[in-house]
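Read through the structure below, which is laid out as C-alpha cells, and then see the notes.
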Amino acid sequence: MVRLGAMMEFEWGTSTLKTEVELYPQSREPDLAGLFVGEWRDPFLVVDASVRMLWDGLLQPAILSSSGIYAMEAEEILKNTFSLSQIWDSMSSAGINRDTPVVVVGGGLVCDMGALAASTYLRGLPLMLVPTTLLCMVDACLGGKTGVNLSGNKNQVGTFYPAGRIVISTRFLETLPGREYRSGMAEVIKTALIGDRGIENLLREASVYGGSNEAVPEVVRRSLAVKGAVVEADLTERGSRMVLNLGHTVGHALESASGFRLSHGEAVGLGMLAEAAMAVALGGDRNLPGEIHRMLDVVGLPGRMDVDPLMEEIRKRLERDKKTRRDARTWALPFDWCDCRLVPLTPDQEAELLPGALEVLKV
24 MVRLGAMMEF EWGTSTLKTE VELYPQSREP DLAGLFVGEW RDPFLVVDAS
74 VRMLWDGLLQ PAILSSSGIY AMEAEEILKN TFSLSQIWDS MSSAGINRDT
124 PVVVVGGGLV CDMGALAAST YLRGLPLMLV PTTLLCMVDA CLGGKTGVNL
174 SGNKNQVGTF YPAGRIVIST RFLETLPGRE YRSGMAEVIK TALIGDRGIE
224 NLLREASVYG GSNEAVPEVV RRSLAVKGAV VEADLTERGS RMVLNLGHTV
274 GHALESASGF RLSHGEAVGL GMLAEAAMAV ALGGDRNLPG EIHRMLDVVG
324 LPGRMDVDPL MEEIRKRLER DKKTRRDART WALPFDWCDC RLVPLTPDQE
374 AELLPGALEV LKV
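Start counting at 1 in the sequence shown, then tack on 23, and there's your number in my numbering.
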C-alpha cells in the first residue's frame, strides 16, 4: 500500500516539464505551511471557499504565509471567463511577480480555474495543486488540462499546463459530501477500464463513504499511475491521450443538457455505459455494458436516467463538443477491459449509433 509521503514523478514527453506527486494517507494531516519553502515560498492561493471554512485550522498557517488569496465557490455556473478575470484581478492587486508560485486548494473545478489563471497570468507562474475531492485526486489534478466553460458548454477555453507539484492528502475526503465522493468513483472506474482491471477489486472497499486508510490511497495511486503513463506519451492530446475521454463525450453532453443537475461523475458513468453500447455495435464485448453497470451500482452511481426529454439538447451539445473536427469526431470507445480504442465517426455514423447507445440509459 501507499507509504506516507510516497512520491511519484512524471515527465511530459520531450519537454522539460515534470510533475512530482506526494501522496499522504488519511491517517496523517499534512503540514501545508511547511510545503511553502524555497521556490514555493509566499504563494498566491486559490482556495475553494467551502474547503477554507471546513479546514480553517489546517489552512490558516498557509494563508498567513501567502502573498494573496482568492476564495471561490465551486459552482459549475461560476466556471467562466468572468470568474477567471476576477482571479487575474486578485493576482494583480497582490502585486505578484514571475517567481510567485500559485497554490490551488480544492476540487477539479477550482483546480481547473486556478491552473488556467496560473498558466496565463504573466505568461505562466509556478503551480502546485492540493486536490481535496476524490475526482480531482484520481484524475483532474494530473496531466495539465485547465479550463473554463463557455456559453454553457464544458471546458471550451483552456490550456495544457502541468503542475510542478501535486500534494494529495486523503484526509480532505473526511468532509467531502457523499455525492461528490461517489462522483469521483466514476473516474476510478474509467481508469480501471482503460488500464488496470485490478482496481475493480478495490472498488467495494473504497466505495464506502470516506474510504479506508488503505484502500483509498491505493486507488488514488493506481489511478494516477494509469493516467500518468497515458499522458507522458501525449501531453497535448494529439493522439493516444484521447483514450482518457472515455465516457466524457456523451457524459459532457448529458451534464450540460441537464443544466448541470447531473454531477460530472454521474454523467461520465452514464457516458461510459452509452459508449460501451456503441462499441458493442462495432464488435466490442457484449458483456462490458453490464459489467460497467454493476460497477456503477457498487459505488452508488446511477446507471439509468430519463433521456427522452433531453435528446434534442444532447444532440446540440454533441455538435459543440471540442473534440469535433470538420469531417468526424474521435470517440474513445471501450471494446473490452484495457482495450479502449480511438474511433473516428462521421455525423452519419454517429446518427446511426447514438439512438441505440442512449437507449441503454433509459429507466
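Glycine included, each C-beta is placed from N, C-alpha and C at the ideal position.
All of these numbers come straight from a predicted model, not from anything done at the bench.
{"Query": "Residue closest to isoleucine 92, alpha-carbon to alpha-carbon, out of Trp78, Gly80 and Asp71", "Result": "Asp71"}
{"Query": "Three-state secondary structure assigned by DSSP to tryptophan 63", "Result": "helix"}
{"Query": "Start-to-end residues for the alpha helix (DSSP H) that takes in alanine 227", "Result": "In the sequence on display, residue 227 carries arginine and not alanine. Here the alpha helix (DSSP H) through arginine 227 covers 226-230."}
{"Query": "Anticipated Cβ contact below 8 Å, glycine 292 with alanine 209, distance rounded", "Result": "4 Å"}
{"Query": "Contact under 8 Å by Cβ, threonine 193 with valine 74", "Result": "no"}
{"Query": "Rounded Cβ spacing between phenylalanine 67 and alanine 117 (contact assumed at less than 8 Å)", "Result": "6 Å"}
{"Query": "Beta-carbon proximity check, isoleucine 337 vs leucine 277, cutoff 8 Å", "Result": "yes"}
{"Query": "Meets three-Cβ-pair contact criterion under 8 Å: the segment 221-228 and the segment 184-192", "Result": "no"}
{"Query": "Stretch pair the segment 40-60 + the segment 82-91: three plus CB contacts closer than 8 Å", "Result": "yes"}
{"Query": "Euclidean distance between Cα positions of alanine 299 and proline 357", "Result": "5 Å"}
{"Query": "Opening and closing residue of the beta strand (DSSP E) in which proline 378 lies", "Result": "No beta strand (DSSP E) contains proline 378, which is instead part of the alpha helix (DSSP H) from 370-382."}
{"Query": "Per-residue DSSP class, three states only, for glycine 28", "Result": "Low local confidence applies: a pLDDT of 49 at glycine 28 is under 50, so the model's placement there is unreliable, with the coordinate-based value given in what follows. DSSP places glycine 28 in coil when its eight states are reduced to three."}
{"Query": "Proximity below 8 Å, CB of valine 44 to CB of valine 133", "Result": "no"}
{"Query": "Helix, strand or coil at glutamate 96 according to DSSP, with G and I counted as helix", "Result": "coil"}
{"Query": "Cα-Cα separation between histidine 271 and glycine 294, rounded to whole angstroms", "Result": "6 Å"}
{"Query": "Those residues which DSSP pairs with leucine 152 across a bridge", "Result": "Val127 and Ile189"}
{"Query": "Identified DSSP bridge partners for threonine 353", "Result": "Pro367"}
{"Query": "Residues bridged to asparagine 176 (per DSSP)", "Result": "Leu173"}
{"Query": "Buried/exposed call for aspartate 219, threshold 16 Cβ in 10 Å", "Result": "buried"}
{"Query": "Outcome for asparagine 310 when other beta-carbon atoms lying within 10 angstroms are tallied against a minimum of 16", "Result": "exposed"}
{"Query": "C-alpha distance - aspartate 329 paired with glycine 282, whole-angstrom precision", "Result": "14 Å"}
{"Query": "Boundaries of the alpha helix (DSSP H) in which glutamate 255 is found, first to last residue", "Result": "238-255"}
{"Query": "Contacts around proline 367, its chain only, beta-carbon distance under 6 Å, and the 5 residues preceding and following it disregarded", "Result": "Ala351 and Thr353"}
{"Query": "Arginine 284, buried or exposed, once every other Cβ within 10 Å from all chains shown has been counted against 16", "Result": "exposed"}
{"Query": "Proximity below 8 Å, CB of tyrosine 184 to CB of alanine 141", "Result": "yes"}
{"Query": "Per-residue DSSP class, three states only, for phenylalanine 183", "Result": "strand"}
{"Query": "Residue from Leu158, Gly167, Ser90 and Gly175 whose Cα sits closest to the Cα of histidine 275", "Result": "Gly175"}
{"Query": "8 Å Cβ cutoff met for threonine 123 and leucine 173", "Result": "no"}
{"Query": "Beta-carbon contacts of lysine 385 that lie in its chain and below 8 Å, excluding the five residues immediately before and after", "Result": "Arg327, Met328, Asp329, Val330 and Asp331"}
{"Query": "Threonine 169, buried or exposed, once every other Cβ within 10 Å from all chains shown has been counted against 16", "Result": "buried"}
{"Query": "8 Å Cβ cutoff met for valine 126 and methionine 151", "Result": "yes"}
{"Query": "Alpha helix (DSSP H) runs wholly inside the segment 256-308, at least 4 long, in chain order", "Result": "271-280 and 287-304"}
{"Query": "Boundaries (first-last residue) of the beta strand (DSSP E) holding cysteine 44", "Result": "First, the residue type needs correcting, since residue 44 is valine and not cysteine in the sequence shown. Element bounds for valine 44: 41-47."}
{"Query": "Pairwise C-alpha distance: alanine 304 and cysteine 159", "Result": "32 Å"}
{"Query": "Own chain partners of tyrosine 320 with C-beta closer than 7 Å, once the 5 adjacent residues on each side are dropped", "Result": "Correcting the residue type first, residue 320 is aspartate in the shown sequence and not tyrosine. Around aspartate 320: Gly326."}
{"Query": "Lysine 339 burial status per 10 Å Cβ neighbour count (16 or more: buried)", "Result": "exposed"}
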